[in-house]
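Have a look at the structure below before the remarks.
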Amino acid sequence: MRERLSRLLLNVFAAVIAAAFAAGITSIILAVRGDSPTFVISQMWTYGTTPSSELTILNSATVYYLSAIAVAIGFRMNLFNIGVDGQYRLAAMLAAAFGGAVSLPNGVRQVAIILVAMLVGASWAGLVALLKVTRGVSEVISTIMLNFIATGLIAYLMRPSILGRRSAVANDVTTTPIPKSGQVGGLDLIPKAGGKVYGLIVLAVIVGVLFHVVVNRTRFGFDLRATGQSASAAAASGVNVKKMIVATLLLSGACAGLVGMPALLGDSHAYSSITFQTGLGFTGIAIALLGRNNPVGIAFAAILWAFLDQSAQILDLNGIPKEIVQITQGVVVLSVVVAYELVRRWALAHQQRVVGGALAPPSDPAAATPAQVTA
Amino acid sequence: MMNLRSKRTRIAVAGLAVLAMTLSACSSSKNNSSGGGGGGTGSTPAKKTVKVGLAYDVGGRGDKSFNDLAAAGLEKAKADLNIQTKELSAVQGESDQQKADRLTLLATAGYNPIVAIGFAYAGSLAKVAPKFPNIHFGIIDDNSSKLPNVEGLVFAENESSFLVGVAAAQATKKKNVGFIGGVQTPLIQKFQAGYAAGVKAVDPSIKVQVAYISQAPDFSGFNDPAKAKVIAEGMYDGGADVVYHAAGGSGSGLFQAAAAKKALAIGVDSDQYQTATADQKPYILTSALKGVDTAVDNFIKDDAAGKFKAGSVRFDLKAGGVGYATSNPIIDPYKAKIEDFKAKIIAGTITVPTTP
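Those sequence lines, one after another, are chains B and A.
Be aware that the first sequence starts at 602, since it is given in this note's numbering, and climbs by one per residue.
Be aware that the second sequence starts at 20, since it is given in this note's numbering, and climbs by one per residue.
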């Protein structure tokens, strides 16, 4: 118990060091530019903590969180699902079209839309699993390629002759809007924000809890982690590695399918290839790295990321390029990886010392010396 | 470094503004008579002070395309008014809520009027505008809003494209012309439809080759000169001798290909003959002009003069909001026929299609 606590503290320490390092680098760049780092930070903090900013941060973080968990499922097994981006966009598009086309009672419709999205995401990731298991294709390559194919497929399906509709906004093409009985209302979590938090933030919490339970408390999760650490060792101890690859990618894809849901069901109610948010899958990779593939860590990472995105908006108003935040985000991901590695090594060395100390015979040099000689 | 760059862009934009002013002199004459609040009464030296907020689409100032044209309009308005501006731009892959926050930021900082550049802001504007009933909003390329404080500024891109189509049909010797669209969206298809109709109006037997650089949701087509160049080369090799682009920043690729193949090209939005390199200039037949600069300029001046009108304004040939460029003399022999068609469109005897 004490050991776990100290490891947790070490990890938190590493994250804080990394964040401080990133802030330092950013400050240096700002100073070189001739801007005051303290002014920038105070501006960002002031704007980032207004109620309407908090609302945006929470909503962005919800979506980032789902994306990062989808990535983390793969990472835990050493699988790099770079294809979350294509999976969620295709899933959102088809689920939106499905939601606009069917008529199901309120409550059932939302669940059906979400299930369709999970199914589409899982199928798109399933192709990757199939290629990897049967043909040995690296999932890094196939997921990246499938992102492009998803873009092409969406463009094709969004033609007005297939699933696209000319929308009320003159220059947009969307799917048929999902009626009220298929939408998910928002929650009034932040007073005076002038808007509501995505109702599906609840879904993100559930996904986080499930992720923790499945990975840490089930046999499947144990096999997953074991395979991730050494596929050959896992195979030797009776794990069917191919089955694990398929299952993990399907789960990762299903989770990726959820990424588009909060905005689709809570805000836009239709998929538009012009205005629907893209690139979340790549943000998810960075956040999963930052959060160490841990459900709680990812939650903090998602909020930090969303905070930086949102609070940077104020900088333009003061003539400071908001792109400075992208530097912060990049540095924080890199430095967190380095910091964790340093902490891990230090912890390992520390553990060796402790174990070595515990196993060492009572300090009786007379007894120890002959033993060493005979060994 | 940053400062240097922004200074350079500012110079470029200022140049563009001057250029656009001289070009659209004929087109803005009509609008000036109705909306030249400050300019008309020219004798009074005191300029009115306005705080104008501009929310650009992705790319912002310096994109050498759509956003820059809006910036040029802002610069034009500065000639008559004392303007304090704040210009914010969108980032790739942001959510609707982030767009809404940007508009809110401008509104709460006291900017009035606020112009949203690009219909991507339509959804967020619909959410933000009702919260600030005393602030006037303008939005380019969208007329869906029914709110009392929003004015949509839309353009008849199909009509200007029709005219350059007429030019292309006359200039082609091989009876084969091309169209390169940036991203296949309804807006760009409007250019295609007008162009093809213009070509066919002159000679139905002329072949029109059509290609798009990318498909929505992939927006790289607006900023991919290399691909535009390959497509253009393919069209020229395939028999075309005039190619028109509606591809924003990708257009430079077409001009490179045209210069290399010694074939003709047609520019879009601004008069691209003016901004092309010396070796490309002879090959730029004309450009389909889209008066985003005029629209932004008029919107700001009208608002300052208390003439804000909710609803939407359509900038078409009749209003002088769109047109074609005549700065390259090689267009001269074709002008008579173009003017002929222009008169027919204005008179309403020809209706130009908006979808291919």
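We put the CB at the ideal spot given by N, CA and C, even for glycine.
Only a predicted model underlies this, so the values are computations on that prediction, with no experimental measurement involved.
Distance between residue j and residue i (C-alpha atoms, nearest Å)
i	j	result
Ile886(B)	Ala940(B)	18 Å
Thr191(A)	Asn177(A)	20 Å
Ser47(A)	Val315(A)	Because the pLDDT at Ser47(A) is just 35, under 50, the model does not fix this residue reliably, and the point stays unresolved.
Gly367(A)	Thr373(A)	15 Å
Lys733(B)	Ser739(B)	6 Å
Gln953(B)	Asn612(B)	18 Å
Lys95(A)	Ile303(A)	26 Å
Ile225(A)	Asn195(A)	6 Å
Pro205(A)	Asn894(B)	42 Å
Leu38(A)	Gln211(A)	Annotation note: pLDDT 40 at Leu38(A) (below 50); position unreliable, no value reported.
Phe640(B)	Trp646(B)	10 Å
Pro132(A)	Ser331(A)	15 Å
Ala355(A)	Pro761(B)	38 Å
Arg826(B)	Leu801(B)	29 Å
Gly310(A)	Val860(B)	39 Å
Gly171(A)	Ile158(A)	5 Å
Ser874(B)	Phe156(A)	25 Å
Ser661(B)	Ser643(B)	22 Å
Lys66(A)	Ile319(A)	13 Å
Asp789(B)	Gly880(B)	28 Å
Interface flag, residue i vs chain A, CB-CB below 7 Å
i	result
Ser637(B)	no
Asn772(B)	yes
Ala756(B)	yes
Thr650(B)	no
Thr775(B)	no
Thr752(B)	yes
Below-7 Å beta-carbon distance, residue i vs any chain B residue
i	result
Phe138(A)	yes
Pro348(A)	no
Asp160(A)	yes
Residues of its chain near residue i, where Cβ-Cβ distance is below 8 Å and the 5 sequence neighbours each way are ignored
i	result
Gln784(B)	Gln711, Leu866, Gly867 and His870
Asn347(A)	Tyr292, Lys300, Pro301, Ile303, Leu304 and Thr305
Ala17(A)	Residue numbering for chain A in the displayed model covers 20 to 375; residue 17(A) lies beyond these limits and cannot be assessed.
Residues near residue i by beta carbon distance below 6 Å, same chain, minus five either side
i	result
Gly687(B)	Leu747, Asn748 and Ala751
Ala259(A)	Asn195, Val196, Gly197 and Gln228
Phe274(A)	Ala284, Ala295 and Gln299
Leu852(B)	Ile674
Ala276(A)	Lys248, Ala251 and Glu252
Ala855(B)	Met719, Gly722 and Ala723
Ala109(A)	Asp76 and Val77
Cβ-based burial, residue i [other Cβ within 10 Å; buried from 16]
i	result
Gln234(A)	buried
Phe908(B)	buried
Val955(B)	exposed
His951(B)	exposed
Val218(A)	buried
Ile772(B)	Note on residue identity: the sequence assigns Asn, not Ile, to residue 772(B). Result: buried.
Leu850(B)	buried
Lys26(A)	Its pLDDT being 43, under 50, Lys26(A) is placed unreliably by the model, and nothing is read from it.
Asn707(B)	exposed
Ser668(B)	buried
Val717(B)	buried
Phe812(B)	buried
Asn86(A)	buried
Tyr214(A)	buried
Same chain only: Cβ atoms within 7 Å of residue i, ignoring 5 sequence neighbours per side
i	result
Asp636(B)	Ile921
Ala864(B)	Val664 and Gln878
Thr744(B)	Asn682, Ile683, Gly684 and Val729
Val721(B)	Leu691, Ala692, Leu695, Ala696 and Gly858
Arg677(B)	Val816, Leu825, Arg826, Gly829 and Asn894
Pro638(B)	Ser628, Leu631 and Ala632
Cβ-heavy atom distance, residue i to the ligand SAM, below 6 Å
i	result
Ile133(A)	Within the structure as shown, the ligand SAM is missing, as the structure has no ligands at all.
**OP:** Taking a Cβ distance cut-off of 8 Å, strictly less, list which residues of the region 681-709 of chain B are near chain A, in chain order.
**Re:** Sequence-ordered contacts of the region 681-709 of chain B with chain A read Arg690 [C-beta pairs closer than 8 Å].
Original post:
Any residues in the region 192-220 of chain A with a beta carbon nearer than 8 Å to a beta carbon of chain B? Which ones, in chain order?
Top reply: Taking 8 Å as the Cβ-Cβ cut-off against chain B, the residues of the region 192-220 of chain A that qualify are Gln203, Thr204, Pro205 and Leu206.
Original post:
Taking Cβ-Cβ distances below 9 Å as the criterion, which residues of the region 855-887 of chain B are in contact with chain A?
Top reply: Here the close residues are Ala864, Asp868, Ser869, Ser873, Ser874, Ile875, Thr876, Phe877, Gln878, Thr879, Gly880, Leu881, Phe883 and Thr884.
Subject >> Contacting positions in the region 104-123 of chain A - beta carbon closer than 9 Å to chain B >> reply: Residues of the region 104-123 of chain A with a Cβ closer than 9 Å to any Cβ of chain B, in chain order: Lys105, Glu106, Leu107, Ser108, Val110, Gln111, Gly112, Glu113, Ser114, Asp115, Gln116, Gln117, Lys118, Ala119, Asp120, Arg121 and Thr123.
Original post:
Going along the region 223-246 of chain A in order, which residues come within less than 7 Å of chain B, judged by CB to CB distance?
Top reply: Cβ contacts with chain B come from Gln234, Ala235, Pro236 and Asp237.
Subject >> Contact residues within the region 294-316 of chain A, judged by C-beta distance below 9 Å to chain B >> reply: Those residues of the region 294-316 of chain A that come within reach of chain B (Cβ to Cβ, closer than 9 Å) do not exist; the list is empty.
Subject >> Interface residues of the region 74-99 of chain A facing chain B [CB-CB below 7 Å] >> reply: Along the region 74-99 of chain A, there is no position whose C-beta sits under 7 Å from a C-beta of chain B.
Original post:
If you measure beta-carbon to beta-carbon, which residues of the region 783-796 of chain B are closer than 9 Å to chain A?
Top reply: Interface annotation for the region 783-796 of chain B against chain A: Gly795 and Gly796, criterion Cβ-Cβ distance under 9 Å.
**OP:** Name, going along the chain, the residues of the region 643-668 of chain B whose beta-carbon falls closer than 9 Å to a beta-carbon of chain A.
**Re:** Among the residues of the region 643-668 of chain B, those with a Cβ less than 9 Å away from any Cβ of chain A are Tyr648, Ser653, Ser654, Leu656, Thr657, Asn660, Ser661 and Val664, in the order of the chain.
Original post:
Going along the region 820-844 of chain B in order, which residues come within less than 7 Å of chain A, judged by CB to CB distance?
Top reply: Those residues of the region 820-844 of chain B placed with their C-beta closer than 7 Å to a C-beta in chain A do not exist.
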